[in-house]
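Report on the following structure.
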Amino acid sequence: MPRQNVSSGYDFEDTYGYSRAVRVGNQVLVSGTTARTPQLGGDAYTQAKAALSIIADALARTGAGMHHVVRTVVYVLDLADTEHVARAHSEVFDQIRPVSTLVQVSALTPASARVEIEAMAIIHD
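Taken in order, the sequence shown gives residues 53 to 177; the numbers are from the numbering used here.
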């Protein structure tokens, strides 16, 4: 089965040696994704929206869409941001309803990130 690696152009992908997304067969895995400048300076809602947009772009490059997402994992620094991150997540996934896990962590990279989101998609159509 062929493998398709997708880069989003983020410098850290080359530094760390990873892909933004990888498609094998009908499955697409998207790495933990944070906002980028200028949204990286925004609140948790703004950062979550930006991360979800980067995820949507990566999925599109594999032939998938957000409607194919079956799982997300959301990492937050502060549980007080949960409502804001949940609002951004719901705006994208309200009708799709993937399984999801929310985890509080002590730090993210880059240091100004408040939220990081990873996704798994299965292309089913």
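For each residue, glycine too, the CB sits at the ideal point set by N, CA and C.
By the Cβ criterion, the stretch 107-121 is in contact with the stretch 140-148, since at least three pairs of Cβ atoms, one from each stretch, lie closer than 8 Å. In this structure, the straight-line span from the alpha carbon of residue 164 to that of residue 92 is close to 7 Å. In this structure, residue 168 sits away from residue 98, with a CB-CB distance that is not shorter than 8 Å.
Residues 73, 80, 82, 117, 118, 120, 121, 171 and 173 of the same chain have their beta carbon placed closer than 8 Å to that of residue 111, with the five preceding and five following residues left out of the count. Between residue 159 and residue 133, the C-beta gap is not smaller than 8 Å, which leaves the two residues out of contact. Within 10 angstroms of the beta-carbon of residue 68 lie fewer than 16 other beta-carbons, which makes it exposed. Within the same chain, and ignoring the five residues on either side of residue 157 in sequence, the residues whose Cβ sits closer than 6 Å to its Cβ are 127. In the DSSP assignment, residue 121 falls within the unbroken beta strand (DSSP E) covering 121-128.
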